[in-house]
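Numbering (UniProt numbering), first residue to last: 1 to 461.
Below is one structure, written out as structure tokens; the observations come after it.
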């Protein structure tokens, strides 16, 4: 048998095997439709379409390379993907300030736009991640990128609240959810030993975007107005998408996924306590990112430029907050031990925020909170991995955790805005709520550590 024939036969076997897997995933079989030729034909067309959409890379054999141009280029592309997702989300404080002054709506109503983006990113992340595992990385990623761009350019023409909510909250939010998990999921095929470093560099794209997008808004809003400023942001996102869409590729082929839910995980005390901890922590986490600008303008009387610059500083410190904790965790302490002080100091920063009386104190708050809050976002999934002893369960438990934190991510900032409104414009109640929520999260995080390793202070976890 010639080499070419062997290749054809092998590809035929792969297609047959993949077809069987897809039929299993669809929960149907062609034998069910015996006697109905037109239904069988449609079913066969569906199978062939899904086979063509699947990511197929038969050359991906052996362990992850952990180095080389291809591997690190994927890290750079993931950095750009996070630039377009979390970079925009972390910049929402600019939009919150603008909408509050132009739409004449209460802050709690406006913050639903930003919180909806985060909710959809986390909630849809588990679904898009599973689709990536099943081999559909490229169609999912392309669809997500198109929705991000559609939502951004549609926002430039929006003038009413419902239009903004639909464009920025829902359309862009769904796009973020389809991009976020798949982009990170494919890095696991390229890195094992250097995975923490690779993920840290990729995740820092959120800090890059969180600095650049507010800077664009700061310089252009007074000159060309909101619609064209948003269009410029859209063109920046389009330029990065022109790199990520054609060159992003999964190294691994389709692989079977486990069950979607594992209710028994909540019977394990460490997992249950950690889930409660992260719910409370994320409940207060994003309030400052959304409201620090409008607070500075209303309470301190700062200019629009200063409010945007403060948000840029907060996001810029996130670069170090995402890289340094991962290094400390891998080298010395473990993720949970590293996460503990980051949650504690984030809570302290939120309590101290109420005591800020000048611009200097405002910048100090932005520096410290930006650093510690970024550390939480970079460590919580790694901490979950350290608490999950069975590697086969990590995927489903991470998906469940994303679902858990999507709820506080959705409701935390609007609840804080409602407290501002309840206090007749006073932010003290909202600041105390955010700080207390994270303090309770810290307490449950300690409980999760004790439930896992007891009171062994030197245990690496």
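Ideal Cβ positions, reconstructed from N, Cα and C, are used throughout, including at glycine.
Go ahead and label residue i buried or exposed: buried means 16 or more other beta carbons lie within 10 angstroms of its beta carbon, across all protein chains shown.
{"i": "residue 332", "result": "exposed"}
{"i": "residue 101", "result": "exposed"}
{"i": "residue 371", "result": "buried"}
{"i": "residue 365", "result": "buried"}
{"i": "residue 397", "result": "buried"}
{"i": "residue 171", "result": "buried"}
{"i": "residue 105", "result": "exposed"}
{"i": "residue 173", "result": "buried"}
{"i": "residue 117", "result": "buried"}
{"i": "residue 70", "result": "exposed"}
{"i": "residue 353", "result": "buried"}
{"i": "residue 159", "result": "exposed"}
{"i": "residue 433", "result": "buried"}
{"i": "residue 144", "result": "buried"}
{"i": "residue 385", "result": "exposed"}
{"i": "residue 163", "result": "exposed"}
To the nearest angstrom, how far is the alpha carbon of residue i from that of residue j?
{"i": "residue 408", "j": "residue 110", "result": "17 Å"}
{"i": "residue 137", "j": "residue 421", "result": "43 Å"}
{"i": "residue 58", "j": "residue 355", "result": "Legend: pLDDT at residue 58 = 46, less than 50; position of this residue unreliable, no value from coordinates given."}
{"i": "residue 67", "j": "residue 295", "result": "45 Å"}
{"i": "residue 450", "j": "residue 457", "result": "10 Å"}
{"i": "residue 135", "j": "residue 200", "result": "25 Å"}
{"i": "residue 325", "j": "residue 231", "result": "35 Å"}
{"i": "residue 367", "j": "residue 348", "result": "13 Å"}
{"i": "residue 108", "j": "residue 79", "result": "31 Å"}
{"i": "residue 438", "j": "residue 286", "result": "11 Å"}
{"i": "residue 328", "j": "residue 334", "result": "8 Å"}
{"i": "residue 82", "j": "residue 240", "result": "10 Å"}
{"i": "residue 146", "j": "residue 191", "result": "28 Å"}
{"i": "residue 417", "j": "residue 115", "result": "11 Å"}
{"i": "residue 363", "j": "residue 428", "result": "18 Å"}
{"i": "residue 248", "j": "residue 72", "result": "11 Å"}
{"i": "residue 221", "j": "residue 99", "result": "13 Å"}
{"i": "residue 444", "j": "residue 271", "result": "11 Å"}
{"i": "residue 103", "j": "residue 169", "result": "16 Å"}
{"i": "residue 423", "j": "residue 161", "result": "24 Å"}
{"i": "residue 413", "j": "residue 243", "result": "33 Å"}
{"i": "residue 179", "j": "residue 142", "result": "8 Å"}
{"i": "residue 337", "j": "residue 223", "result": "48 Å"}
{"i": "residue 415", "j": "residue 430", "result": "8 Å"}
{"i": "residue 469", "j": "residue 195", "result": "Nothing can be reported for residue 469: it is not among the residues displayed for the chain, which extend from 1 to 461."}
In chain order, what residues of the same chain have a beta carbon less than 6 Å from the beta carbon of residue i, not counting five sequence neighbours either side?
{"i": "residue 319", "result": "204, 207"}
{"i": "residue 406", "result": "119, 122, 123"}
{"i": "residue 468", "result": "This structure leaves residue 468 out entirely; the chain is present only between 1 and 461."}
{"i": "residue 132", "result": "182, 185"}
{"i": "residue 467", "result": "Nothing about residue 467 can be read from this structure; the chain reaches only from 1 to 461."}
{"i": "residue 278", "result": "380, 405"}
{"i": "residue 198", "result": "75, 187, 191"}
Assuming residue i and residue j make a contact with CB atoms under 8 Å, what is their CB distance in whole Å?
{"i": "residue 273", "j": "residue 447", "result": "5 Å"}
{"i": "residue 387", "j": "residue 125", "result": "At roughly 19 Å, the Cβ-Cβ gap does not stay under 8 Å, so residue 387 and residue 125 are not in contact."}
{"i": "residue 165", "j": "residue 112", "result": "7 Å"}
{"i": "residue 344", "j": "residue 442", "result": "5 Å"}
{"i": "residue 290", "j": "residue 96", "result": "5 Å"}
{"i": "residue 155", "j": "residue 75", "result": "In fact, because the Cβ distance is near 29 Å, the residues do not count as touching under 8 Å."}
Alpha carbons only, please: which of the options is nearest the one belonging to residue i?
{"i": "residue 264", "options": "179, 400, 364, 456", "result": "400"}
{"i": "residue 193", "options": "330, 430, 346", "result": "330"}
{"i": "residue 121", "options": "437, 133, 87, 418", "result": "87"}
{"i": "residue 299", "options": "359, 248, 271", "result": "359"}
{"i": "residue 269", "options": "78, 335, 452", "result": "452"}
{"i": "residue 440", "options": "245, 224, 275", "result": "275"}
{"i": "residue 139", "options": "175, 287, 416", "result": "175"}
{"i": "residue 314", "options": "385, 180, 288", "result": "288"}
{"i": "residue 411", "options": "459, 282, 341, 460", "result": "282"}
{"i": "residue 246", "options": "77, 316, 381", "result": "77"}
{"i": "residue 266", "options": "195, 74, 404", "result": "404"}
{"i": "residue 128", "options": "167, 177, 163", "result": "177"}
Ordered along the chain, which non-local residues of its own chain (more than five positions away) have a Cβ less than 7 Å from that of residue i?
{"i": "residue 237", "result": "84, 148, 149, 152"}
{"i": "residue 454", "result": "none"}
{"i": "residue 213", "result": "87, 88, 91, 233"}
{"i": "residue 468", "result": "Limits of the chain in this structure are 1 at one end and 461 at the other, which puts residue 468 out of reach."}
{"i": "residue 435", "result": "284, 347, 350, 351"}
{"i": "residue 302", "result": "296, 359"}
{"i": "residue 157", "result": "227"}
{"i": "residue 342", "result": "325, 372, 375, 376, 379"}
{"i": "residue 167", "result": "151, 154, 155, 158"}
Near residue i, what residues of its chain come up, given a Cβ to Cβ distance below 8 Å and the 5 sequence neighbours on each side ignored?
{"i": "residue 426", "result": "420"}
{"i": "residue 312", "result": "210, 211, 214, 215, 218"}
{"i": "residue 293", "result": "93, 94, 96, 97, 307, 308, 310, 311"}
{"i": "residue 322", "result": "200, 203, 204, 206, 207, 374, 375, 377, 378"}
{"i": "residue 262", "result": "393, 396, 397, 400"}
{"i": "residue 316", "result": "207, 210, 211, 370"}
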